[in-house]
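Asker: Sequence order for the protein chains is A and B. Numbering-wise (the numbering used here), the first sequence opens with residue 1 and increments by one. Numbering-wise (the numbering used here), the second sequence opens with residue 1001 and increments by one. By construction, the Cβ of each residue, glycine as well, lies at the ideal position given by its N, Cα and C atoms. Before I ask anything, let me first share the structure, which is written out below as structure tokens.
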Amino acid sequence: MMTEQTPPVVPHGMIKTGARVFLVPGWVLALAILLKGYADIGDGFAAGVIAALVVVLQGIAFGAEELERIWVARMAPVMSLIGLLLAYTVAFVPTFFGYPILTHFPRMNHHVIHFGPLEFITPVVFDIAVFLVVYGFCVGAMLTLARAEVRHQRVLQRLRRQTGKRGNP
Amino acid sequence: MNTAMLLLLVAFAAPILALVAGAIQPRLAPSAAMLGVAATAAVVVWSFWQPDSSHKTTWASIYGMNVELTLDGLGRLYALLATGIGFFVVAYASRYIPLHLHHQQRPLSHQTRFYFFLLLFMAAMVGLVMAQDLILLFMFWDLTAIASFFLIGYDQQEEESRSAAMMALMVTGITAVLVLIGSIMLYTEYGTFSLPAIIESGEILGASDWALLLIAIGALAKSAQTPLHFWLPRAMAAPTPVSAYLHSAAMVAAGVFLIGRFYPLMKEIDWLLDIFLFVGFSSMLVGGIIALTRNVLKQILAYSTISQYGYVVFMFGMGGSYGIKGASFYVLAHAIVKSALFLTAGAVSEATGKKNLSDIGGLRRKMPMLAIGSGFAAAGLVALPLTIGFFKDEIFFARAVELGQPYMTMDVLGASLTFAYIFRFWTHVFLGREITEAKPISGWLVWPVFSLGIITILGGVWPEPFTKIAEGAASVTAYSAQHLDVHYTFDPIPENMMAVATWTLGLTIYLTRRKWWRLATGIAHLGEKIGPAHWYYKGLNGLNALSDSVHDYEVRDLRSRVVSILVPAGVLVAIAVVITPNANSFEIGSFEQQDFTLVIMLVAVVVSGFVVMLLRDHLRLAIGLSCVGYSLAGVWAFMGAPNVTLVAVVVETILSLFFIGMLVLMPSTILRFETQAEGDRRSMPRDAIIATIAGLLVFFVSWGALSRTSWNTEVIESQTVLTTAVHARNVVTAILADFRGFDTMGEITVIAITLIGIISLLRSGRLR
């Protein structure tokens, strides 16, 4: 909690370095968990949170403005909505062809195209949608909190300039 | 691909086309919209030379829902209105909307939205008139209500527009729910949502008459019939093209369309037809009398629409072959002339800058083409010979002659009111001396009116194409082949005598207006004071007040919030625990050696739980809580559930970050105050009792739920077997994405909605 007595906390250099170093491996880990989730431990949910954590770490290490600079952070709320639409697409499109809602393809025991552990099946698309929604939520909510805090600080600064003294309105 | 499906695709491509074109360059939106409407209209026109075409796709078969579309005679008539009149309106709007936006100092880019929703409305209307499945019908029905909400509220910066849009949505939206309820009632009686199948059964089963009444109420509200007519005059707050489209050819027509669609069933219920007679006649009178007293151009036309659709409903009430044919023909003729008159009102207001009849006069010299075009249309509405309107009244009268004297009197009375107010409208605008100078206006505001006027005359001299269209529609409505033949005769047959009586009486009403003026305005005034609109506002304000008081109580302080949410929830859970059979619950299982590590982790959970109780500083509290979560993740790990452990760890981390993020946002003075505040010693016993009760409740709920042997091995085995069959090797993921995918979909929807909530709360600054 930042008060006027305590100076703002400047993140240690190690945090900054760590944040940068972990960014790409973190995403690779998240994508791996996501894509092979159907064959191994993990799923879109966990992958989404992990991907969000490494992005949020950038914000913690470098400040809220850094989040604005990173495209995948700025677009997080949009990605969340895209994910939701993707999930609905997977869910509802089969209904147009007479299948029950959320029928997955290829159907049971049919042939599936593989690429390593990655399978080209609609549950994986659904999982990607879950990933997008969860990632978008985590980063989007943190981004919104950060923006609100930045706005708050600006208001405080302006008030201080106006009253000419330091005060907490 | 058959015609029905082609029409639906083309119709729904039109709004998207306009949206995309408008996004690229706002100036392109009108042309794209015109192209879209023209293409849809072309398909409709082409379909007149095609046999009836049906399309049926199974949709949700377990509920018996299908995408069932049929383009029949009735569908063609209303699709032609929606697209044909739509074309003229869009052409007119291409000049009108930029001027409108300019007056309001809004950017040109706002026009894209106008075309999108106008064409969306058209597409919904096209879908509606083809839908044969009751649920599909309801969906298109509701889509028209949504599109009309945005169209009526197009001038969103004006309070009047917003409240008008809200009112239209409330009246047509709430009654749309009645349509849905009626449809479901029909389903329970007939076991199918397919309307043709229901009609084919040929009888009214059980409570279907009440279902049809609900559907009829929805239809009458949409057609602005008394007592649910009050939304229409207020909807005139919309720009003129919207009024011309929605309130002459599309939205109000949807109501009588619905009656026409269900008429094979409705005609079997005598009391329902009596309701139509009563509602139709009272709408004719109320609309006609109030239209006589209005001064604003569009208000006159709005009340006129109420009255004219009253005719149609009245004809459905009279029934019989002429009643049905008359209703179809009337809708067609009325849409042509009324849209021309609405567009005239817009053009006149644009030229003079005035909206009131008393400020406008003698425009025939400055705007001769407009005067001629709208003169034809006005002549059509008052049913002068050589216009399409003459025949609409002839059929109307013909049915009344069959039924006898009282009906003939009612017909003539209603028609002469129409004559009087339209005569007043047109002569005041175009004849007499010029009151306000008119500045020249674009030809695009005139030629649609002129063309519609020419069509009115064309229908008067060559009615066959129009009667053919009406015949097709009437055959569907009557559920038997109908033949409509109209021609002029100079014999003193009753219909002709009634027409002459109408003109005479109408002219008399107009000429003696000083005598009844105060009476008519008095009636209109009384209607505003104690009429349905008054009750609408009263009801709306009451609901608002109720919602405010509940909200005020809930958000007063933290305690009232907890009381209003957690206490009812807790009580419900407690009741559930008590009434749930607990044969196998609350058992203490056996303790094996391999459970030892698990117990150690659980001790860690308990310890961190107790530590949290002792902490006061918020940051430490947040970290303490996450310790509880991490220890629980450890428990999962020892239970051999790696998926759950992974999720628990990452979720715990991000939750802690959220916690801290929110603490940063809170004013530090309040946090410090809360941390340092000494608890009130006197309330400590009470707090302890509440905490103990709550804790025990949660304990028993968890114990009861967890000790129940729900390890249904069959399900586990079958899901494990199925996991490989659905191409997965991880049973948890297969459950999440496949077996229980519907749950997951609900959950991610909640997550996305929560995000929208967070963003809107923090953006609007309500939290700060």
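Ends of the beta strand (DSSP E) at Trp1059/B?
Answerer: Here the beta strand (DSSP E) through Trp1059/B covers 1053-1060.
Asker: Should Leu1292/B and Ala1124/B be called a contact, given that it needs their Cβ atoms to be closer than 8 Å?
Answerer: Their beta carbons are not under 8 Å apart, which means Leu1292/B does not touch Ala1124/B by this criterion.
Asker: Quick test of the definition: if touching needs 3 or more C-beta pairs under 8 Å, does the segment 1578-1589 of chain B touch the segment 1641-1653 of chain B?
Answerer: At 8 Å Cβ cutoff, the stretches do not touch.
Asker: Going by C-alpha to C-alpha distance, which of His1618/B, Gln1025/B, Ala1648/B sits closest to Ser1668/B?
Answerer: That would be His1618/B, whose Cα lies nearest to the Cα of Ser1668/B.
Asker: Pull up the DSSP beta-bridge partners for Asn1356/B, would you.
Answerer: According to DSSP, which records beta bridges pairwise, Asn1356/B is partnered with Val1296/B.
Asker: Given Tyr1190/B, which residues of its chain have a CB within under 8 Å of its CB, disregarding the five upstream and five downstream residues?
Answerer: Excluding positions up to five away in sequence, the list reads Ala1197, Ile1198, Ser1201, Leu1205, Ser1208.
Asker: Short of 8 Å Cβ to Cβ, which residues in the segment 1634-1655 of chain B face chain A?
Answerer: The residues in question are Pro1642, Asn1643, Leu1646, Val1647, Val1650, Val1651, Thr1653, Ile1654.
Asker: Using only the alpha-carbon positions, how far apart do Pro169/A and Met79/A sit?
Answerer: Low confidence applies to Pro169/A: its pLDDT is 46, below 50, so where it sits in the model is not reliable, and the reading given next is rough at best. Roughly 37 Å separates the two Cα atoms.
Asker: Note the first and the last residue of the continuous beta strand (DSSP E) segment covering Val112/A.
Answerer: First-last for Val112/A: undefined, no H or E at that position.
Asker: For Glu119/A, which beta-bridge partners are listed by DSSP?
Answerer: DSSP, once it has assigned bridges, lists His114/A as partnering Glu119/A.
Asker: For Phe1658/B, return the contacting residues in chain A, with the cut-off set at a CB-CB distance below 9 Å.
Answerer: Within 9 Å Cβ-Cβ: Cys138, Ala141, Met142, Leu145.
Asker: Counting C-beta neighbours from all protein chains within 10 Å, is the total for Gly1539/B 16 or more, i.e. buried, or is it exposed?
Answerer: Flag for Gly1539/B reads exposed.
Asker: So, at 7 Å on beta carbons, what are the nonlocal neighbours of Leu1213/B in its own chain, with the 5 sequence-adjacent residues on each side left out?
Answerer: Correct list, in chain order: Leu1272.
Asker: Which of the residues in the segment 1691-1718 of chain B, read from start to end, lie with their CB under 8 Å from any CB of chain A?
Answerer: Under the 8 Å Cβ criterion, the segment 1691-1718 of chain B contributes no residue.
Asker: Start and end of the alpha helix (DSSP H) containing Val1090/B?
Answerer: From DSSP, the alpha helix (DSSP H) with Val1090/B extends over 1086-1103.
Asker: Taking 6 Å as the limit between beta carbons, can you name the residues of its chain near Asn1066/B, skipping five residues before and five after?
Answerer: Contacts found: Lys1056, Thr1058, Trp1059, Asp1133.
Asker: Please list, in chain order, the residues of the segment 80-101 of chain A that have any C-beta partner in chain B closer than 8 Å.
Answerer: Per Cβ criterion, the list reads Ser80, Leu81, Gly83, Leu84, Ala87, Tyr88, Ala91, Thr95, Phe96, Phe97, Gly98, Pro100, Ile101.
Asker: Taking 8 Å as the limit between beta carbons, can you name the residues of its chain near Ile1660/B, skipping five residues before and five after?
Answerer: Only Leu1619, Ala1622 meet the Cβ criterion.
Asker: DSSP puts Thr1070/B in a beta bridge; with which residues?
Answerer: DSSP lists Ser1054/B as partners of Thr1070/B.
Asker: I'd like to know if the segment 1297-1306 of chain B and the segment 1354-1362 of chain B are in contact, where contact means that at least 3 CB-CB pairs between them fall below 8 Å.
Answerer: They touch, by the three-pair rule.
Asker: Measure the C-alpha to C-alpha separation of Gln1594/B and Ile128/A and round it to an integer number of angstroms.
Answerer: Cα to Cα, the separation comes out at about 37 Å.
Asker: What does Pro77/A touch in chain B if you count any residue whose Cβ is under 7 Å from its own?
Answerer: Those are Leu1755, Ile1759, listed as they occur along chain B.
Asker: Ala1694/B to Ala1574/B, Cα distance in whole Å?
Answerer: Roughly 10 Å between the two C-alpha positions.
Asker: Name, please, each residue of chain B whose Cβ falls closer than 7 Å to the Cβ of Met108/A.
Answerer: The contacting residues are Ala1725, Val1726.
Asker: When you compare only the Cα positions, how much space is there between Thr1754/B and Leu1120/B?
Answerer: Computed Cα separation, rounded: 29 Å.
Asker: Just verifying my parser: in three-state terms, what is the DSSP assignment at Ser1328/B?
Answerer: Of the three classes helix, strand and coil, the one that applies to Ser1328/B here is helix, per DSSP.
Asker: The segment 12-44 of chain A: which residues have C-beta closer than 7 Å to a C-beta of chain B, in chain order?
Answerer: The residues in question are Gly37, Tyr38, Ala39, Asp40, Ile41, Gly42, Asp43.
Asker: For Leu53/A, which residues in chain B fall below 7 Å Cβ to Cβ?
Answerer: Result: Val1650, Thr1653, Ile1654.
Asker: For Ile1024/B, count neighbouring Cβ atoms within 10 angstroms of its own Cβ and tell me buried if that reaches 16, exposed if not.
Answerer: The residue is exposed, with fewer than 16 neighbouring Cβ atoms inside 10 Å.
Asker: Can the beta-carbon of Ala1014/B be found less than 8 Å from the beta-carbon of Val1045/B?
Answerer: Against a cut-off of 8 Å, the Cβ pair of Val1045/B and Ala1014/B comes out as no contact.
Asker: With three or more beta-carbon pairs closer than 8 Å as the criterion, would you say the segment 91-105 of chain A touches the segment 62-71 of chain A?
Answerer: No, because fewer than three Cβ pairs between the segment 91-105 of chain A and the segment 62-71 of chain A fall closer than 8 Å, the two stretches do not touch.
Asker: Specify, as a first and last residue, the run of the alpha helix (DSSP H) that Phe1149/B falls within.
Answerer: Unbroken alpha helix (DSSP H) run through Phe1149/B: 1134-1152.
Asker: Using a beta-carbon distance below 8 Å, is Arg1729/B in contact with chain A?
Answerer: Yes, contact with chain A.
Asker: Listed from N- to C-terminal order along the chain, which residues in the segment 1058-1081 of chain B have their beta-carbon within a distance smaller than 8 Å of any beta-carbon of chain E?
Answerer: Looking for chain E here will not work: the only protein chains present are A and B.
Asker: What do you get for Thr1504/B, buried or exposed, if any count of 16 or more other CB atoms within 10 angstroms of its CB means buried?
Answerer: Burial call: exposed.
Asker: Are there 16 or more other CB atoms within 10 angstroms of the CB of Ala1219/B, so buried, or fewer, so exposed?
Answerer: Per the 10 Å Cβ criterion, buried.
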